[in-house]
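What follows is one structure encoded as structure tokens, with my remarks underneath.
Number of protein chains: 2
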Amino acid sequence: MTTLTAEHFKRLDAEDPLAYCRELFELPENTIYADGNSLGAMPKDAFACAEHVVKEEWGNQLIRSWVSSDWINASTRVGDKIAPIIGASDGEVLVCDSTSVNLFKLAAAALELNSGRCKIITEIGNFPTDLYILQGLEKFSKGKIELVVLAKDDILDAIDEDTALVVLTHVHYKTGSRFDMEAVTAKTHQKGALMLWDLSHSVGAMNLSLNDCEVDFAVGCGYKYLNGGPGAPAFLFVAKRHQDNVQSPLSGWLGHSSPFAFDDDYVPANGVKRMLCGTPSVVGCSLLEVGVDIMTSVDMKLIRKKSIQLGDLFIQLLEQRCPEFTLVTPKEASLRGSHISITHEEGYAIMQALIAQNIIGDFRAPNVLRFGITPLYMRYLDIWDLVQALVDVMTFEKWNNEAFKKVQAVT
Amino acid sequence: MTTLTAEHFKRLDAEDPLAYCRELFELPENTIYADGNSLGAMPKDAFACAEHVVKEEWGNQLIRSWVSSDWINASTRVGDKIAPIIGASDGEVLVCDSTSVNLFKLAAAALELNSGRCKIITEIGNFPTDLYILQGLEKFSKGKIELVVLAKDDILDAIDEDTALVVLTHVHYKTGSRFDMEAVTAKTHQKGALMLWDLSHSVGAMNLSLNDCEVDFAVGCGYKYLNGGPGAPAFLFVAKRHQDNVQSPLSGWLGHSSPFAFDDDYVPANGVKRMLCGTPSVVGCSLLEVGVDIMTSVDMKLIRKKSIQLGDLFIQLLEQRCPEFTLVTPKEASLRGSHISITHEEGYAIMQALIAQNIIGDFRAPNVLRFGITPLYMRYLDIWDLVQALVDVMTFEKWNNEAFKKVQAVT
Numbered sequence: 001m002t003t004l005t006a007e008h009f010k011r012l013d014a015e016d017p018l019a020y021c022r023e024l025f026e027l028p029e030n031t032i033y034a035d036g037n038s039l040g041a042m043p044k045d046a047f048a049c050a051e052h053v054v055k056e057e058w059g060n061q062l063i064r065s066w067v068s069s070d071w072i073n074a075s076t077r078v079g080d081k082i083a084p085i086i087g088a089s090d091g092e093v094l095v096c097d098s099t100s101v102n103l104f105k106l107a108a109a110a111l112e113l114n115s116g117r118c119k120i121i122t123e124i125g126n127f128p129t130d131l132y133i134l135q136g137l138e139k140f141s142k143g144k145i146e147l148v149v150l151a152k153d154d155i156l157d158a159i160d161e162d163t164a165l166v167v168l169t170h171v172h173y174k175t176g177s178r179f180d181m182e183a184v185t186a187k188t189h190q191k192g193a194l195m196l197w198d199l200s201h202s203v204g205a206m207n208l209s210l211n212d213c214e215v216d217f218a219v220g221c222g223y224k225y226l227n228g229g230p231g232a233p234a235f236l237f238v239a240k241r242h243q244d245n246v247q248s249p250l251s252g253w254l255g256h257s258s259p260f261a262f263d264d265d266y267v268p269a270n271g272v273k274r275m276l277c278g279t280p281s282v283v284g285c286s287l288l289e290v291g292v293d294i295m296t297s298v299d300m301k302l303i304r305k306k307s308i309q310l311g312d313l314f315i316q317l318l319e320q321r322c323p324e325f326t327l328v329t330p331k332e333a334s335l336r337g338s339h340i341s342i343t344h345e346e347g348y349a350i351m352q353a354l355i356a357q358n359i360i361g362d363f364r365a366p367n368v369l370r371f372g373i374t375p376l377y378m379r380y381l382d383i384w385d386l387v388q389a390l391v392d393v394m395t396f397e398k399w400n401n402e403a404f405k406k407v408q409a410v411t
Numbered sequence: 412m413t414t415l416t417a418e419h420f421k422r423l424d425a426e427d428p429l430a431y432c433r434e435l436f437e438l439p440e441n442t443i444y445a446d447g448n449s450l451g452a453m454p455k456d457a458f459a460c461a462e463h464v465v466k467e468e469w470g471n472q473l474i475r476s477w478v479s480s481d482w483i484n485a486s487t488r489v490g491d492k493i494a495p496i497i498g499a500s501d502g503e504v505l506v507c508d509s510t511s512v513n514l515f516k517l518a519a520a521a522l523e524l525n526s527g528r529c530k531i532i533t534e535i536g537n538f539p540t541d542l543y544i545l546q547g548l549e550k551f552s553k554g555k556i557e558l559v560v561l562a563k564d565d566i567l568d569a570i571d572e573d574t575a576l577v578v579l580t581h582v583h584y585k586t587g588s589r590f591d592m593e594a595v596t597a598k599t600h601q602k603g604a605l606m607l608w609d610l611s612h613s614v615g616a617m618n619l620s621l622n623d624c625e626v627d628f629a630v631g632c633g634y635k636y637l638n639g640g641p642g643a644p645a646f647l648f649v650a651k652r653h654q655d656n657v658q659s660p661l662s663g664w665l666g667h668s669s670p671f672a673f674d675d676d677y678v679p680a681n682g683v684k685r686m687l688c689g690t691p692s693v694v695g696c697s698l699l700e701v702g703v704d705i706m707t708s709v710d711m712k713l714i715r716k717k718s719i720q721l722g723d724l725f726i727q728l729l730e731q732r733c734p735e736f737t738l739v740t741p742k743e744a745s746l747r748g749s750h751i752s753i754t755h756e757e758g759y760a761i762m763q764a765l766i767a768q769n770i771i772g773d774f775r776a777p778n779v780l781r782f783g784i785t786p787l788y789m790r791y792l793d794i795w796d797l798v799q800a801l802v803d804v805m806t807f808e809k810w811n812n813e814a815f816k817k818v819q820a821v822t
């Protein structure tokens, strides 16, 4: 293996067809932002959007903006823009609520759809809100639903004729490892169960093909790789073939077939709109739309290609220069998403030392350092600099253990 | 009854202790905004807030803002600010999700708390989302819960030993009539049932005393009289005495006792925080906080006093000058909220004609014209001008029926 140099990374930046995208984002100077898998960076247009929505649409047009600024269609309009990013069609995606709320709506609806079956299967160590929401659903069902939580390798074999629904996060939030969406969905269907994918750590970081994989349901997050802003609304996907047969337990007024008729009885809207609940965050939808517009302007295959390349280089550099870290994320690109996790027993202090130098990743207990690879605004050279900073921190630790303990103590 | 004149209204404006508040809001010129009960006006500080949250907190501080800008406590921080507005205490109110989602969470939690009882009582013609959410809960319970929907006058007598929960909207969205919170809550408790109030059309428009009335649960809207912006997050209230015993069916990660421990098993947080679900809209919470800060800076009794006075004057002027309208809202101030509804068979066209002159109220089928009284930014003279515009529209109609039909045809 050749030894990598900074020059190599600079050359890759010069050749990068996505390099221009970085200019679309506001990024603080002298900062390497490797936490876009937790909160994506701010598109420069987001500020003009916020100004327009707040000052003109709210401040000046007031209630009239429900029609004149199309607030009333924000959920479906932005949903339809997300659709091509995840391999879905028009009328299959809605922007609304949080990932957690959407997961509850879809899991409950799926269980009704596959009634007669009682089991939900999910993964040990899945993102906590996925586990907690399913636990809430189980508790609330008073014994009618059984949640089965299994290790990754045991899941496929456990899907059986009692299984109503399989709920998995496509890319694991901590390890960065990725399920084979097509194979798992196929196995799930083979047993007559339905498939719900949480795309929070996939959407915007790789090309996805929900309909090609015949996925039934999906949810995902707006504030990570879609760069929709803090607490951005989430999205949900319901395959066309299920839309006439699902009903949301959270049957709020905007999911009604005629919300402005103000009828006393709930009649679900046609299509995916029936999964709407209350009034969505208008400002949140508009800010998310800015991030989604950037995402739809680029080829997701280029995004994925750059993500893999950045990840491969990061792994390679770590092996060459920081052998004291253990790679948690699969080395094989087809098995991982777009963040790379490594472990070290002093992981928390190491991450604090990086953050103190404006190199921002995040830490997940007990010992995981997590670095998000965001092809839209991350440079190849950022990977070089990031590993250089890790080398420096570790050298500092080795040479000056007392000082290192101080960093640890104050953080 | 003396005949009112414009001079009288001008004098009241000159003497109004709340007159200065209008300057805190951005209001389009030559507009009378009488729809603050649907979407409140924009506080001038909202724009600076949006700029700061988007550019500085998101754009510059990025993920660090969860701590440095206290995003992590936004729900409880803004909730604690709403508490005094509704007569609640610190630690009883959360800002999160939509009114619809919060209603689902609290109604489901209340039913668990009062298990053994199966009946939910609510009002015919209640705001649709309240009815629809309870219908969803009933359907989802598969026969374990019975929703009983009754005419207003039949509700008190129907509360019995089978009743688990009474869910009512304090001020009716269409008629503007108001329940006696203290009496209804007392009767509900007398029968061993729990009380959940929807405060969407009350909060910010009048002084409320949830704890004095011993209310169990409440939800409310952020984008009406609280002036939190379009699709602002909603709030929920859980009385301290119930907090250790309630559990949300939507048990998302932020309601966990240690969300950042990323444990596999849900353990509810102490206090009201257990009713949190997913990540809240950070931008939405911040904008709402601006509106709430204005509201907490004024005496709610002054707000209510001005609301009553504006409403009384509006009713009096209508009687004197527009006898062709029928008043739907109770004339007696103690029986109404802060919007006034009138009916006319040509109601839709009349409202369109008003809106064409920048006099903005709203229309609710089949024949209701609804005008929101917002004491923070509505002038006494606005009431005079509003009725004058109604007089002009009706005169126009009488004198030029053909032209009026044209207005109706194009809207």
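Heads up: the protein sequence lines correspond to chains A and B, in order.
For what it's worth, our numbering labels the leading residue of the first sequence as 1, then goes sequentially.
For what it's worth, our numbering labels the leading residue of the second sequence as 412, then goes sequentially.
Every residue, glycine too, gets a C-beta built ideally from N, C-alpha and C.
| Asked | Found |
| --- | --- |
| Spatial distance of threonine 411 of chain A from alanine 389 of chain A (CA atoms) | Below a pLDDT of 50, predicted positions are generally treated as unreliable, and threonine 411 of chain A, at 44, falls in that range; no measurement from the model is reported. |
| Local conformation of phenylalanine 420 of chain B per DSSP, three classes | helix |
| Beta-carbon gap between leucine 317 of chain A and isoleucine 383 of chain A smaller than 9 angstroms | yes |
| Chain B contacts made by the stretch 99-118 of chain A, where a contact means CB separation under 9 angstroms | Thr99, Ser100, Val101, Asn102, Leu103, Phe104, Ala108, Glu112 |
| Rounded distance between the beta-carbons of alanine 616 of chain B and tyrosine 636 of chain B, thought under 8 angstroms | 4 angstroms |
| Contacts around leucine 450 of chain B, its chain only, beta-carbon distance under 8 angstroms, and the 5 residues preceding and following it disregarded | Tyr634, Lys635, Pro641 |
| DSSP-derived helix/strand/coil call for arginine 321 of chain A | helix |
| Proximity test, Cβ basis, 9 angstroms: isoleucine 360 of chain A and chain B | yes |
| Neighbour list for isoleucine 532 of chain B in chain A, Cβ cutoff strictly below 7 angstroms | Result: empty, since nearest Cβ-Cβ is about 15 angstroms, beyond 7 angstroms. |
| Euclidean distance between Cα positions of glycine 682 of chain B and tyrosine 33 of chain A | 35 angstroms |
| Sequence-distant residues of the same chain with beta carbon closer than 6 angstroms to alanine 562 of chain B, five excluded per side | Ile535 |
| Residue from B:Leu787, B:Thr574, B:Lys421, B:Glu756 whose Cα sits closest to the Cα of glutamate 434 of chain B | B:Leu787 |
| Assigned secondary structure, serine 486 of chain B (DSSP; H/G/I helix, E/B strand, else coil) | helix |
| 9 angstroms Cβ cutoff, alanine 333 of chain A in contact with chain B | no |
| Histidine 600 of chain B - containing alpha helix (DSSP H), residue span | 592-601 |
| Cut-off 6 angstroms between Cβ atoms - residues of its own chain near cysteine 432 of chain B, not counting five sequence neighbours on either side | Leu787 |
| N- and C-terminal bounds of the alpha helix (DSSP H) containing threonine 754 of chain B | Not the alpha helix (DSSP H): threonine 754 of chain B falls in the beta strand (DSSP E), residues 750-754. |
| Host alpha helix (DSSP H) of aspartate 157 of chain A (start-end) | 152-158 |
| For valine 122 of chain A, the first and last residue of its enclosing beta strand (DSSP E) | Checking the sequence, you will find threonine at residue 122 of chain A rather than valine. Per DSSP, threonine 122 of chain A belongs to the beta strand (DSSP E) from 119-123. |
| Pairwise C-alpha distance: glycine 702 of chain B and histidine 52 of chain A | 19 angstroms |
| CA nearest to the CA of lysine 455 of chain B, picked from B:Gly470, B:Leu438, B:Trp469, B:Gly447 | B:Leu438 |
| Tyrosine 33 of chain A CB to nearest heavy atom of the ligand MG below 8 angstroms | What this structure holds is no ligand at all, so the ligand MG is not there to describe. |
| Any alpha helix (DSSP H) of 4 or more consecutive residues that is wholly inside the stretch 456-501 of chain B | 476-479, 485-497 |
| Spatial neighbours of leucine 423 of chain B in its chain, beta-carbon cut-off 6 angstroms, leaving aside the 5 residues before and after | Tyr791 |
| Cβ-based contacts, 7 angstroms cut-off: residues of the stretch 688-702 of chain B near chain A | Cys688, Gly689, Thr690, Pro691, Ser692, Val693, Val694, Gly695, Leu698 |
| Cutoff 9 angstroms: asparagine 270 of chain A Cβ touching any chain B Cβ | no |
| Within-9 angstroms CB hit, tryptophan 482 of chain B to chain A | yes |
| Cα-Cα separation between alanine 461 of chain B and isoleucine 493 of chain B, rounded to whole angstroms | 20 angstroms |
| Outcome for lysine 530 of chain B when other beta-carbon atoms lying within 10 angstroms are tallied against a minimum of 16 | buried |
| Cβ separation of phenylalanine 104 of chain A and aspartate 198 of chain A, assumed to be a contact under 8 angstroms, to the nearest whole Å | Not confirmed; about 12 angstroms, so no contact. |
| Contacts of serine 248 of chain A in chain B (Cβ-Cβ under 8 angstroms) | Gly547 |
| Of the residues A:Ile85, A:Pro366, A:Leu111, the one placed nearest valine 167 of chain A, counting alpha carbons only | A:Leu111 |
| CA nearest to the CA of cysteine 277 of chain A, picked from B:Arg732, B:Leu567, B:Gln546 | B:Gln546 |
| Beta-carbon gap between leucine 18 of chain A and valine 298 of chain A smaller than 9 angstroms | yes |
| Reference isoleucine 691 of chain B; option with closest CA among A:Ala234, A:Gln243, A:Phe325, A:Ile315 | Rather than isoleucine, the amino acid found at residue 691 of chain B in this sequence is proline. Comparing Cα-Cα distances from proline 691 of chain B to each of A:Ala234, A:Gln243, A:Phe325, A:Ile315, the minimum goes to A:Ala234. |
| Beta-carbon proximity of phenylalanine 325 of chain A to alanine 88 of chain A, cut-off 9 angstroms | no |
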